[in-house]
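Numbering (my numbering), first residue to last: 327 to 484. Even glycine gets a Cβ: it sits at the ideal position worked out from N, Cα and C. Working notes for the structure below.
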């Protein structure tokens with residue numbers, strides 16, 4: 327992380343799995359941190375997603391904090407404030423690869439100048455599309471499919 331920062335690179339960390347090595351990382355140099363609810367609880371001891379998000383955001387003072395909530399979508403905090411995006415209702419076949427799809431698509435949205443809301447929409451769309459197929463690599467969606475779903479209204483799944 328330090329070497330990348332010294333070279334002027336933007337650094338995002340997917341804190342999976344949230345083990346002792348991840349707990350030891352100094353998050354202050356990160357541009358962003360992404361976790362799911364389980365990882366957030368492991369890193370903060372907070373069961374409530376909003377409290378865990380706040381606790382982790384404090385550890386990433388100059389960056390963004392994103393938490394995925396599975397079918398319920400995702401929430402984030404950054405210098406622009408809090409953002410949230412509900413999940414897309416899909417028939418889930420396999421959740422393997424959904425987190426990776428979310429992170430990849432959301433980082434692309436940010437790298438291309440999108441807002442945090444755009445990043446959450448793209449990430450949720452990619453995760454929802456991945457959930458509809460089996461396997462990790464085979465489930466990763468095409469950009470066109472992510473963009474099409476991200477334009478649709480999201481809704482929280484039961």
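Inclusion of residue 391 and residue 400 in the CB contact set at 8 Å is not warranted, their separation being larger than that value.
Three or more beta-carbon pairs drawn from the stretch 450-462 and the stretch 422-439 are found closer than 8 Å, and the two stretches are therefore classed as touching. Residue state for residue 401 is assigned as strand, using DSSP reduced to three classes.
Taking C-beta separations shorter than 7 Å and ignoring five residues to either side along the sequence, the partners of residue 433 in its chain run 338, following chain order. Contact check for residue 415 against residue 481 passes: the beta carbons are separated by less than 8 Å.
For residue 392, the enclosing beta strand (DSSP E) begins and ends at 390-394. If you check the CB distance, residue 365 and residue 344 come in under 8 Å. Residues of the same chain with a CB within less than 6 Å of the CB of residue 436, apart from the 5 flanking positions on each side, are 445 in chain order.
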